[in-house]
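Chains A and B supply the protein sequences, listed in that same order.
Each residue of the first sequence is one higher than the one before, counting from 1 in full-length UniProt numbering.
Each residue of the second sequence is one higher than the one before, counting from 1 in full-length UniProt numbering.
From the three backbone atoms N, C-alpha and C, an ideal C-beta is built for every residue, glycine too.
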Amino acid sequence: MFGTKLTPRTLSRSYITPSLEHLKKGAGLSGIFSEKGLQTAWFDRAELHTEKLNQYLSHSEEKPLESIVHGYAKSASKREVFNQASQLYNLRFAMSSLHGNDLPSIQKPGPKVLLETPKLELDFKNDPRETGNARLSSALASSFGSLIEFRSLLLNSNKAIAGDGFTWLVARKVNTSQRESLASGNVEFDWLYVLNTYNAGSPFNFNKVGHISDLQRQFEKLKPVEEEVEEENSNPLQIKSVQEARESESYKSATYVPLLAIDASPKAWLTDYGVFGKDLYLERVWESIEWNIVEQRLPARAPNYQLT
Amino acid sequence: MKVQQNAVNVLERTSSYLKAGLLTKTPAWYDVVARVPPSKRFVREPRMVNPATDEPTSQLPEYEDLYDPTVGIHKTRASRADKKSLANKLYKAPKLKYAEDKLRELFYEQHPWERSRPKMLVENAGTRTYQWDTLQQLGKPLDGESVVQRTLHLLKTKQQPELLAAYDQARFEFYRLRIQEEVQSQVAQEEAEMFGSVFGPSAIEFGVQREQKIIDIWKQKAINQSELMSARNSNPAESWSSSSAQSEEESKTQESQEIQL
């Protein structure tokens, strides 16, 4: 009886597999995942990433996932840790806003869907205007033109991802250097955007453009340095090439607040929807989005002086 | 005029020459012409039905139509002029009019930038038949022709009662697919860059670079030439005087040389 007390306490700490209230083992998510589908889409992956995260961190410390994602994003040596943490964070984020719907159960579509003409009638039911999320829907309407435009952009962006990845709805933080709201700690946004991240990419660290060259430089530093001094003949009047300009100038100061994520990984949809079922999966995902949760994440809108 | 048949009988004549030994070498075209011999039917056949519209090309008017109420009689005999125009039409190649052409014209007038998309002009795989139940086809990129064919399919299968309604449906389906395609190509590029791809210059950029090299050379030449011209034109009197002075000096030196000699 006292055996448990007598075991020596290890000082190591480890991450616990995250859980979400609305997802229960042994049950599906109605209208979107069957029992087995939910197992592969969520439980198995959450366990795997947690296990690996613990393995790579070797029980040394415990930080919140977000701070790992923020801190290690540009580190070459910590990239395994970052990958696992980021994937775990993304997955949890995506699943947290997915609640079921009352559509009939899924039938796997056949190869005919590949060439199928998209239906002209837009018969989606889950509409943030009708679920009483006026603040969100007005923000969507002003950022994307209309809800229909937003929907087609969001779902098409996700559909276009060939491998693993997530499509995010994000709000861009206002650069509040001069504004007093910075002092009070309020976060404000100006526009909403749709953003794709691939594999373990993170919306907090979305500037994908210079990543490869950054990591390359870091790896080169890790290696024994070869004695070779590069001659820098940079001319301030020289126009940069498109590649250079994108690496150095683009997205310098933008930070994004994620509101909604959609999982594009085949691990999420292959079990239930089959090889040809990504379209159907995305339609069902749209029907299952819980707009209340999305709206809760939406920061206050900065006053907009532009005419829209 | 007598019908000229000599040209058509070239195969027969050549064969007999070969047989007789007048020609020793078989001409290169011989087998080809033997396989596809020229037509020897010189009779013009009247075309009674226009293949584009399935209507008769020429028809004498009905008896009722010939009644002239002012005179109160029927015109029972076609005049020479009437007959001539009718006969003319029988032998003329009829104008082919297709609904597709009008649709194509309309589509490309409304979407002029669709013309700027790269298109395969040479096809060596023969014509293919497509099923237009769907707008997208395997082995055919989405373009204006898809919209035209889909419109006709919608009309034929009575899914849409009117031409314009069918055209609109096909058009909107086309827009949907174009949106998808556009996002897809953007995401594909982004994804590839994310995994480290570096894209070289496109075909157009490459062409511009090649052109730029020639232009640079030309520019240098032009600069040199214009400098030369401006030097000549800057003060003509001075340059002439100087050149004449030079020539005078030269002649003087020559003279002095002669004297020395």
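- A:Arg45 sits away from A:Leu98, with the two beta carbons spaced by 9 Å or more.
- Here the alpha carbon of A:Asn156 sits roughly 21 Å from the alpha carbon of A:Asn101.
- Identification of chain B residues near A:Leu169 by a Cβ-Cβ cut-off of 8 Å yields none; the smallest Cβ-Cβ distance measures about 15 Å.
- As far as DSSP is concerned, A:Asn126 takes part in no beta bridge.
- Interface residue (Cβ-Cβ distance to chain B less than 9 Å): A:Ile239 is not classified as such.
- Residue pairing of B:Gln209 in beta bridges, as defined by DSSP: absent, with no partner found.
- Interface with chain A (9 Å Cβ-Cβ cutoff): B:Ile215 is excluded.
- Closest in alpha carbon position to A:Glu116, among B:Lys102, B:Leu177, B:Gln169, is B:Leu177.
- For A:Ser105, the closest C-alpha among the options A:Tyr281, A:Asp164, A:Pro299 is that of A:Tyr281.
- The beta carbon of A:His49 sits closer than 6 Å to those of Gln84, Gln87, Leu88, all from its chain and outside the five residues before and after it, given in chain order.
- Put simply, the CB of B:Leu138 is near chain A, with a gap under 9 Å to one of its CB atoms.
- According to the DSSP assignment, A:Phe166 belongs to no alpha helix (DSSP H) but to the beta strand (DSSP E) extending over 165-173.
- For A:Pro258, the uninterrupted beta strand (DSSP E) run begins and ends at 256-263, by DSSP.
- At least one CB of chain B lies nearer than 9 Å to the CB of A:Pro118.
- For B:Pro51, same chain residues with a beta-carbon under 8 Å away, outside a window of 5 residues either side, are Pro94, Leu96 in chain order.
- Nearest C-alpha to B:Leu66 among B:Val36, B:Gln59, B:Trp132, B:Thr76: B:Thr76.
- A Cβ-Cβ contact shorter than 9 Å links B:Thr57 with B:Leu90.
- Under the DSSP definition of a beta bridge, B:Asp68 partners with B:Ile73.
- Neighbours of A:Ile161 across chain B, judged by C-beta separation under 8 Å: Val187, Glu191.
- Within the DSSP secondary-structure output, A:Ala300 pairs in a beta bridge with A:Glu188.
- Ranked by how close their Cα comes to the Cα of B:Phe42, the residues B:Ile223, B:Val8, B:Ala28 have B:Val8 in first place.
- Secondary structure of A:Val81 (DSSP, three-state): helix.
- Straight-line measurement puts the Cα of A:Ile161 at about 21 Å from the Cα of B:Phe174.
- As computed with DSSP, A:Phe93 is found in no beta bridge at all.
- Taking 9 Å as the threshold, the shortest C-beta distance from A:Tyr273 to chain B does not fall below it.
- In terms of CA proximity to A:Pro299, A:Thr255 leads the group A:Gly274, A:Glu287, A:Thr255.
- Interface residue (Cβ-Cβ distance to chain A less than 9 Å): B:Ile204 is not classified as such.
- Sixteen is the threshold: when 16 or more other Cβ atoms of the shown chains lie within 10 Å of the Cβ of A:Glu295, as they do, the residue is buried.
- In the structure shown, B:Ile214 falls within a helical segment according to DSSP collapsed to helix, strand and coil.
- In terms of Cβ geometry, A:Leu147 and A:Pro118 do not form a close pair [threshold 9 Å].
- When A:Tyr193, A:Leu154, A:Asn158 are compared, the shortest CA-CA separation from A:Ser265 is found for A:Asn158.
- Residue state for B:Lys140 is assigned as strand, using DSSP reduced to three classes.
- Taking a 10 Å sphere around the C-beta of B:Arg44, we find fewer than 16 other C-beta atoms and assign the residue as exposed.
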